[in-house]
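Residue numbers (our numbering): 270 to 630. For glycine and all other residues, C-beta sits at the position ideal for the given N, C-alpha and C.
Rendered as structure tokens:
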């Protein structure tokens, strides 16, 4: 099949639209609250651990799927899988049912991990040049964050109406995103067979060999420790924020009050209450705005200071922001903002593929 890359700007715009539709902001501000209605903290932590194991264990197999099936079709499959998980939350009522939707969600994330970036890199390589990758991807991630800023506010309001409503909205949006991805072309590299890398059996020892070498060995340990700790602590943002907000007049907060006022003057078939969960919408929206600004300038920042310095500074800032609230509890909110923009996980698939080609040659 002929791959039409004659209009790269149109493709990049569709990529930006795909990023805007990839946000799961509807459920972001209320996810922990939703789960903790039915489960205990130990069960919640167990589900997070299972999700992480599925995600890590699925990296190489799903990377193989991306090489063999194609980046675009893998992205479509990932969005459909994630939509199925989000819609599955509507029916969960036990630890076992939560476990199922968590596993499905982990598979969906593993399928999309690195695949979108790989598709974009190959398209840019064939058109405007791969040197534009960091800039275009950073802008795409910024658009996704701005989309999250809007959907988080709406999601928190929907949660007040029906706790299942944000998951219905997020699942529907994910299916629309899958339809948009289906309009993207397969890359020229895939059509010519250039994406065929090592098999899963070949990739495992190659990955082990690469990780065992410095400096990648120390970088993997560094990233796992810092961002793993950040991911674990992020689970407590919502319970902590709700506990703090219990004694606050939320309607007096400008953004929350504005949303409540608009809802009060409009004609809705149901009453929209203002609660601590409603206040999480603007809070998470502000996280997304901060993260969106940083994502937009990711390329210039990396070019100016270098990836190593940026990661080192980010780690120091995150550790400091995590420790300060022990002495000044209110500083926890500043910590939430510092954690709102985590460095995306770097995909080793391209390196593994290149290493495999070198071995074959």
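| Asked | Found |
| --- | --- |
| Are the C-beta atoms of residue 426 and some chain B residue less than 8 angstroms apart? | Note that chain B does not occur in the displayed structure, where there is just one protein chain. |
| Quick check: the Cα distance between residue 327 and residue 376, rounded to an integer number of angstroms? | 7 angstroms |
| Could you check what DSSP says for residue 503 in three-state terms: helix, strand or coil? | helix |
| Does the region 381 to 401 come close enough to the region 346 to 359 to have 3 or more Cβ pairs within less than 8 angstroms? | yes |
| Could you please give the first and the last residue of the uninterrupted alpha helix (DSSP H) stretch that includes residue 364? | 364 to 381 |
| Nearest by alpha-carbon distance to residue 361: which of 454, 442, 432 is it? | 432 |
| Are the beta-carbon atoms belonging to residue 427 and residue 406 less than 8 angstroms from one another? | no |
| Taking the Cβ atom as the reference point for each residue, do residue 282 and residue 450 lie within a distance shorter than 8 angstroms? | no |
| Residues in its own chain within less than 6 angstroms of residue 289 by CB, not counting five upstream and five downstream? | 412, 416 |
| With residue 284 as the anchor, note down where its alpha helix (DSSP H) starts and where it stops. | 277 to 290 |
| In chain order, what are the residue ranges of uninterrupted beta strand (DSSP E) at least 3 long that sit wholly in the region 302 to 346? | none |
| Assuming contact is defined by CB atoms lying nearer than 8 angstroms, are residue 429 and residue 438 in contact in what I supplied? | no |
| For the region 313 to 321 against the region 395 to 410, do three or more pairs of beta-carbon atoms, one drawn from each stretch, fall closer than 8 angstroms, so that the two count as touching? | no |
| What is the DSSP secondary structure of residue 400, counted as helix, strand or coil? | helix |
| Which class does residue 412 belong to by DSSP, given the choice of helix, strand or coil? | helix |
| Report the option in 331, 277, 587, 483 whose CA atom is closest to the CA atom of residue 498. | 587 |
| So residue 441 is in the alpha helix (DSSP H); what residue range does that whole segment cover? | 434 to 451 |
| Measure the C-alpha to C-alpha separation of residue 492 and residue 313 and round it to an integer number of angstroms. | 23 angstroms |
| Please say whether residue 302 and residue 511 have beta carbons closer to each other than 8 angstroms? | yes |
| Go to residue 395, then tell me how far its alpha helix (DSSP H) extends in each direction, as first and last residue. | 384 to 395 |
| Quick one: what does DSSP say residue 454 is sitting in, helix, strand or coil? | coil |
| In three-state terms, what does DSSP make of residue 428? | helix |
| Straight-line CA distance for residue 324 to residue 373? | 10 angstroms |
| Suppose the cutoff is 8 angstroms on Cβ atoms and the five residues either side in sequence are ignored; what does the same chain contact list for residue 444 look like? | 348, 349, 352 |
| Check each candidate in 279, 286, 284, 291 and name the one with the smallest Cα separation from residue 441. | 291 |
| Report all residues from its chain with a CB closer than 6 angstroms to the CB of residue 573; omit the five preceding and five following residues, and keep chain order. | none |
| With DSSP run on the structure shown, which of helix, strand or coil describes residue 357? | helix |
| Please name the residue in 370, 583, 436, 284 whose C-alpha comes closest to that of residue 495. | 583 |
| Would you mind stating whether residue 422 and residue 554 have Cβ atoms separated by less than 8 angstroms? | yes |
| In three-state DSSP terms, what is residue 480? | helix |
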